[in-house]
Ligand SMILES: [Zn+2]
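Residue numbers (the working numbering): 1 to 451.
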C-alpha cells in the first residue's frame, strides 16, 4: 500500500511519532529472563521515568510510576457518558537479540532497493525477502545499524499511543472518552501482567498496541501450557548394574523420540498447535524434560497434554521400577471467546482502521500478548497493529508512515468510542451484526508469528 495511505491525520502525526520513537529506541530497556526482580532490568525504569515525565508535561492526570515499574496515566474525557478505555504497550525489548547501544537509522524515501545495515554489512533488508518492504516505496524506513535489535517491539506501540494522546490534548474539540494509558514491563519474558492491578487501571476494556502488519487486529492468541516431565529410574553403580539399573536419561530420550514429528513448531503453521520439548537435564537419579504445549482450541490443547502423558507412560512401561511425574502451568489462554462476549470492542478497532483508509482484517497470533493474560483476568484486550517487522532480530524495521497510520487509528478509535460505545444509542444486536459483517468480509484469520 503506497504512502501515506491518503490519511491527512497520519501525515500530521508522522513527524511527532518518529521523533518519539527515536528517543525511546535509544534507551536500553531489554528484559532478562534470569532476573528475579520486577521489572527484570533497571533500563526499563529509565524508559518508564522518561515516559512518566513526558505524560506529565503533556498535562495528563494521575501520572504514576508504580513500584513494579508500570506507568499509568489518565487522559480525561472531553464528552460525558462514554466508557473508560485502556491503551497499553510494553516498554521492554526482547532478550533474544543485542539491545544495548541501539543506533536507529532512518532511510528516507525508500527506493525499493536493498538496505545494507551500516554497522554489520552482512545484515541486509531485502525487498526480495519481504513483500511488505517491497510495497513501501517512498516510505521512510527505520532500522537499527545491524548490531542490535531496533525495539519497535514495542516502542512503536509506545510512541503511537503517546502521539495519539498528544494530538487529542492539542485538539480538545475532538470527542474522546476517559482513557487510561498503561505502559507495562517484562512482556517479552511473559511477566507483563504479573503485577498489573486491574482495579487501579480501572478501564472497561483495553487495547494493546503490540501487533505488526498494518491493518491487522488480533482477537485470538494461542492457549498455552508449560509441562515439566520428570523421569525417575533406579541408580546403581554401572559396574554391577546388570538387570538392576534403570537409566532416567534413556527414559527421557525414549519419550522425546516418541513425540510425533508432525506436532512440532518446526512442522506446523497457521491454526495448527504443537508440542515442543525445549529443555532437558538429567543425571543418574532423574531426568526432566520441559515442554510447551500450544493450540488455539482448548480441547485440542488438552488432547496434546494427554498425548504427552500417554507417551511418558509408554516410555516407562517396560521398566516396572521407573516412574514419571508431570507438573503443569497454565501460561495464557486464547482470548477469542472472551472477546466474542463484547463484540463492540473489536469492531470499534476495525472501524477505526477503516476511517484512516485501511482495509482491516482479523488475525490470530501464534503466541500470546499481555492482552491474552489481561483478557483472562477480566479486562477484554485485543491487539492492534503497530507496523513493525522482523521482531526480535537485528533486521527489525518499521516505516514511519506505518507508525503514523497506527497512531491515527488510535485517534479515530477514541473518537469513535466517545461517540457510540458502549451502547447508549444502539443495542447489542446491532453491534453483533456489524461484527458479523466485518468478520465475513475479512475471511478466516491467518495467524502471525508471536510478538
Ligand atoms: Zn511486543
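Even glycine gets a Cβ: it sits at the ideal position worked out from N, Cα and C. On a predicted model such as this, the values are computed, not experimentally measured, just so you know.
task: Please state whether DSSP places residue 473 in a helix, a strand or coil.
output: No answer is possible for residue 473: it lies beyond the span of the chain, which begins at 1 and ends at 451.
message: Measuring only the C-alpha atoms, how far is residue 45 from residue 112?
response: Working through the chain shown from its first residue, we reach residue 45 at position 45. Working through the chain shown from its first residue, we reach residue 112 at position 112. Looking at the two C-alpha atoms, the distance is approximately 38 Å.
- request: May I ask you to report which of helix, strand or coil DSSP gives residue 393?
  value: Reading the chain shown from its first residue, position 393 is the one you call residue 393. In the structure shown, residue 393 sits in coil (DSSP, three-state: anything other than H, G, I, E or B).
- prompt: Cβ of residue 87 within 9 Å of Cβ of residue 192?
  reply: Along the chain shown, read from residue 1 onward, the residue named residue 87 stands at position 87. Along the chain shown, read from residue 1 onward, the residue named residue 192 stands at position 192. Not closer than 9 Å, so no.
- prompt: Among 235, 245, 273, which residue has its Cα nearest to the Cα of residue 225?
  reply: The residue given as residue 225 occupies position 225 in the chain shown. It is 273 whose Cα lies nearest to the Cα of residue 225.
Boundaries of the alpha helix (DSSP H) in which residue 377 is found, first to last residue: Within the chain shown, numbered from 1, the residue matching residue 377 stands at position 377. 370-377 is the span of the alpha helix (DSSP H), which, as asked, contains residue 377.
message: For a test of your reading of the model: does the CB of residue 391 fall under 8 Å from any non-hydrogen atom of ligand 1? Yes or no.
response: By one-based count along the chain shown, residue 391 stands at place 391. At least one heavy atom of ligand 1 is nearer than 8 Å to the Cβ of residue 391, so yes.
query: In chain order, what residues of the same chain lie with their CB nearer than 8 Å to the CB of residue 84, ignoring the 5 residues before and after it?
result: Looking up residue 84 in the chain shown gives position 84. So the qualifying residues of the chain are 177, 178, 179, 180, 202, 203, 204.
field: Minimum C-alpha distance to residue 196 - residue among 65, 342, 28, 389
entry: The residue you call residue 196 lines up with position 196 of the chain shown. Comparing Cα-Cα distances from residue 196 to each of 65, 342, 28, 389, the minimum goes to 65.
- prompt: By DSSP, does residue 333 sit in helix, in strand, or in coil?
  reply: Your numbering for residue 333 matches position 333 in the chain shown. The answer is coil: DSSP assigns residue 333 none of H, G, I, E or B.
message: Mapping the DSSP letters down to three states, classify residue 157 as helix, strand or coil.
response: The count along the chain shown starts at 1 and reaches residue 157 at position 157. Three-state result, residue 157: helix.
field: residue 347 Cβ short of 8 Å to ligand 1 heavy atom set
entry: Indexing the chain shown from 1 puts residue 347 at position 347. No - ligand 1 has no heavy atom lying nearer than 8 Å to the Cβ of residue 347.
task: Return yes when the C-beta of residue 199 is under 8 Å from any heavy atom of ligand 1, and no when it is not.
output: Along the chain shown, one-based indexing puts residue 199 at 199. Outside the cutoff, so no.
message: Measuring only from the beta carbon, is residue 114 closer than 8 Å to any heavy atom that is part of ligand 1?
response: Position 114 of the chain shown, counting from 1, holds the residue named residue 114. Every heavy atom of ligand 1 is 8 Å or more from the Cβ of residue 114, so no.
query: Secondary structure at residue 426, three-state DSSP: helix, strand or coil?
result: The residue you call residue 426 lines up with position 426 of the chain shown. For residue 426, the predicted structure reports a pLDDT of 39, less than 50, and the residue's modelled location is therefore unreliable. A value from the coordinates is still provided. Reduced to three states, the DSSP call for residue 426 is coil.
- request: Note down the Cα distance separating residue 188 from residue 320, rounded to an integer number of angstroms.
  value: The residue given as residue 188 occupies position 188 in the chain shown. The residue given as residue 320 occupies position 320 in the chain shown. Roughly 43 Å separates the two Cα atoms.
field: residue 383 - partner residues in DSSP beta bridges
entry: In the chain shown, counting from the first residue as 1, residue 383 sits at position 383. Residue 383 pairs with 208, 218.
query: Whose C-beta lies closer than 7 Å to the C-beta of residue 430 among residues of the same chain, with five residues either side of it excluded?
result: In the chain shown, the residue the question calls residue 430 occupies position 430. Bear in mind that the predicted position of residue 430 carries a pLDDT of just 34, short of 50, making it too unreliable to give a figure here.
query: What separation, rounded to the nearest whole angstrom, lies between the Cα atoms of residue 67 and residue 58?
result: Your numbering for residue 67 matches position 67 in the chain shown. Your numbering for residue 58 matches position 58 in the chain shown. Those two C-alpha atoms are separated by around 23 Å.
task: State whether the region 8-27 contacts the region 384-403, with contact taken as three or more CB pairs (one from each stretch) at a distance under 8 Å.
output: yes
message: Do residue 313 and residue 324 count as a contact pair if the criterion is CB distance below 9 Å?
response: Here residue 324 refers to the residue found at position 324 when the chain shown is read from its first residue. Here residue 313 refers to the residue found at position 313 when the chain shown is read from its first residue. In this structure, residue 313 lies closer than 9 Å to residue 324 by Cβ.
- prompt: According to DSSP, what are the bridge partners of residue 282?
  reply: The residue labelled residue 282 in the question sits at position 282 within the chain shown. Paired residues: 287.
query: Would you report the Cα separation of residue 51 and residue 409, rounded to the nearest angstrom?
result: Position 51 of the chain shown holds residue 51. Position 409 of the chain shown holds residue 409. So the two alpha carbons sit approximately 21 Å from each other.
query: Leaving out five residues before and five after residue 419 in sequence, what residues of the same chain have Cβ atoms less than 7 Å from its Cβ?
result: Sequence index remark: in the chain shown, residue 419 carries index 419 (1-based). Within the same chain, residue 419 has close Cβ partners 175.
- prompt: Hey, residue 158 and residue 75: beta-carbon distance below 9 Å or not?
  reply: Within the chain shown, numbered from 1, the residue matching residue 158 stands at position 158. Within the chain shown, numbered from 1, the residue matching residue 75 stands at position 75. Result no, Cβ atoms of residue 158 and residue 75 do not sit closer than 9 Å.
message: What would DSSP say about residue 139, mapped onto helix, strand or coil?
response: Taking the first residue of the chain shown as 1, we reach residue 139 at position 139. Correct three-state label for residue 139: coil.
- request: Assess, as a yes-or-no matter, whether the region 328-343 is touched by the region 234-253 under the definition of 3 or more beta carbon pairs within less than 8 Å.
  value: no
message: Is it buried or exposed, residue 506, if we count other Cβ atoms within 10 angstroms and call 16 or more buried?
response: Because the chain here runs from 1 to 451, residue 506 falls outside it and cannot be looked at.
message: DSSP has residue 361 in a bridge; who is on the other side?
response: Residue 361 sits at position 361 when you count from the first residue of the chain shown. Residue 361 is bridged to 216.
message: Can you tell me whether residue 377 is buried or exposed? The criterion is at least 16 other CB atoms within 10 Å of its CB, across all chains shown.
response: As a working mapping, residue 377 is identified with position 377 in the chain shown. By the neighbour-count rule (16 or more Cβ atoms within 10 Å), residue 377 is not buried but exposed.
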